[in-house]
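Undergrad:
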């Protein structure tokens, strides 16, 4: 097999494997906030945290409450993820990020102030 043909075959095989991979989709249910956990076989499981949530920021606040309650009960997990209307929410130590795909780029949504509160980026003035 010549090099150009082998290279094209390699690209085609890679594209086929990428097409076969299952991507995780966030639920599109309106107003439902989900926490993401692991199912019995290691798959991603969406657990309802709250219903009738008006926006993604309120869902992030609900998830922050879940995270803090787990920590108060002795849990060790400091970072959790959730989902709201087709978006993923990732709670990290530096703030809350959102993404449209599980493996996709994450964009800063809320940052932690000096006292631990969550605020919109740029709301806290540094000296």
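Numbering (the numbering used here), first residue to last: 25 to 151. No residue lacks a Cβ here, since even glycine has one placed at the ideal position from N, Cα and C.
Relative to the C-alpha of residue 137, which candidate in 127, 128, 118, 131 has its C-alpha closest?
TA: Cα-wise, what sits closest to residue 137 is 118.
Undergrad: Excluding sequence positions up to five away, which residues of its chain have a Cβ less than 8 Å from the Cβ of residue 73?
TA: Hits under 8 Å: 57, 58, 59, 83, 86, 87, 90, 106.
Undergrad: What does residue 123 pair with, by DSSP beta-bridge criteria?
TA: Answer is 112.
Undergrad: Near residue 76, what residues of its chain come up, given a Cβ to Cβ distance below 8 Å and the 5 sequence neighbours on each side ignored?
TA: Excluding residues within five positions, the ones whose Cβ falls inside 8 Å are 55.
Undergrad: Quick one: is residue 129 buried, meaning 16 or more other Cβ sit within 10 Å of its Cβ, or exposed?
TA: Answer is exposed; the Cβ neighbour count stays below 16.
Undergrad: By how many angstroms is the C-alpha of residue 102 removed from the C-alpha of residue 96?
TA: In a straight line, the C-alpha of residue 96 is about 11 Å away from that of residue 102.
Undergrad: By the 10 Å Cβ neighbour count, where 16 or more other Cβ atoms means buried, how is residue 122 classified, buried or exposed?
TA: With 16 or more other Cβ atoms within 10 Å, it is buried.
Undergrad: Does DSSP put residue 96 in a helix, a strand or coil?
TA: If DSSP states are grouped into helix, strand and coil, residue 96 belongs with the helices.
Undergrad: What is the rounded straight-line gap between the Cα of residue 147 and the Cα of residue 139?
TA: Cα to Cα, residue 147 sits roughly 14 Å from residue 139.
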